[in-house]
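Participant: Starting off with a structure, shown below.
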Amino acid sequence: MEDLLQILRRVELFRDLTEEQLEQIGKISKREIYHKGETICKQGEPGDKMYVVSLGQVEVMVRDSKGNSYSALYLGVGQLVGEMALIDEGTRSASVIGVDDETVVYGIPNDRFTALCVSDPEIGYIMMRNIAQDLSFKLRHRDFDPSDT
Amino acid sequence: MIYKVSYVVKGGEYPGSIKNEYEEPKVGSRVKVGPIECEILEIQQIMPPRGDFLFLHATVVPVENNKSEEK
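Residue numbers (the working numbering), protein chains in the order written: chain C, 1 to 149; chain B, 150 to 220.
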């Protein structure tokens, strides 16, 4: 558990949580290992959990309406992926694939996360604020134009 | 300090990357954006720090492209 807590402390999503609150998050998190090219979650499928990247990188692949797939973004250590399905309860907006031979993520099931937020509204507020800030950062990343600098 | 960095690849040919760094990224240093090795051209802070986190944009260029431009 201590190893997991060390990892969680360095993830912005969990910023401002107390050690006790982090332990509660740790209890509902499950370590998953993927290899290069393995699918972590698939576009269009129901989203039942979000993931925190702990080791390596993941590739976010989007399939457009014509069926063409393109790489939209890479996410590395400490980043959150799959949170949109938690927020809007829709299906996966993209597929996520392991980039490195050892890609490690922690999966947090939506139902257990929601139950934790309801039972401890302070965790709920902090986590929802941090998820919103992460989404904002991703929007800034997407909209950034190097030619403007 | 943890540096949350948005790496944007100049030219738009490759997707960018977001990841945490535990050492401050510097202009001229190299970083892997997905499978592509890139060199950092420019860094800017994009929002105020929060807690232990600093938020940065880094414009990068694939190393191979940069070599050919130098020739």
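Positions of the beta carbon are idealized from the N, C-alpha and C atoms, including for glycine.
To which residues of the same chain is valine 11 of chain C closer than 6 Å at the C-beta, ignoring the five residues directly before and after it?
Facilitator: Val52, Gly78
Participant: Count the other C-beta atoms from every protein chain shown that fall within 10 angstroms of the C-beta of leucine 139 of chain C, then say buried if there are 16 or more, exposed otherwise.
Facilitator: exposed
Participant: With a threshold of 8 Å, are at least 3 pairs of Cβ atoms found where one atom belongs to the segment 101 to 118 of chain C and the other to the segment 186 to 196 of chain B?
Facilitator: no
Participant: So, are the CB atoms of arginine 92 of chain C and glycine 47 of chain C less than 7 Å apart?
Facilitator: yes
Participant: When DSSP labels each residue in this structure, what does glutamate 213 of chain B get in the three-state scheme?
Facilitator: helix
Participant: State yes or no: is the C-beta of serine 95 of chain C within less than 7 Å of the C-beta of lysine 42 of chain C?
Facilitator: yes
Participant: What do you reckon, are the CB atoms on leucine 75 of chain C and valine 81 of chain C nearer than 7 Å?
Facilitator: yes
Participant: Can you grab the Cα-Cα spacing for the pair glutamate 38 of chain C / tyrosine 125 of chain C, in whole Å?
Facilitator: Inter-residue distance for glutamate 38 of chain C and tyrosine 125 of chain C is about 34 Å (C-alpha atoms, whole angstroms).
Participant: Between which residues of its own chain and lysine 168 of chain B is the CB-CB distance below 7 Å, once the five residues before and five after are set aside?
Facilitator: Val154
Participant: Contact criterion: CB-CB distance below 7 Å. Does serine 71 of chain C meet it with respect to chain B?
Facilitator: At least one beta carbon of chain B lies nearer than 7 Å to the beta carbon of serine 71 of chain C.
Participant: Mapping the DSSP letters down to three states, classify histidine 141 of chain C as helix, strand or coil.
Facilitator: helix
Participant: Within 10 angstroms of the Cβ of histidine 35 of chain C, are there 16 or more other Cβ atoms? Answer buried if so, exposed if not.
Facilitator: exposed
Participant: Which residues does DSSP list as the beta-bridge partners of tyrosine 70 of chain C?
Facilitator: C:Val62
Participant: Give the DSSP-derived three-state secondary structure of arginine 179 of chain B in the structure shown.
Facilitator: Collapsing the DSSP output to three states places arginine 179 of chain B in a strand.
Participant: Buried or exposed: where does valine 105 of chain C fall if 16 or more other Cβ atoms within 10 Å of its Cβ makes it buried?
Facilitator: By the 10 Å Cβ count, valine 105 of chain C comes out buried.
Participant: Using the DSSP secondary-structure output, state which residues sit across from threonine 192 of chain C in a beta bridge.
Facilitator: Nothing in the structure corresponds to residue 192 of chain C, since chain C is present only between 1 and 149.
Participant: Could you tell me whether any Cβ in chain B is nearer than 7 Å to the Cβ of tyrosine 51 of chain C?
Facilitator: no
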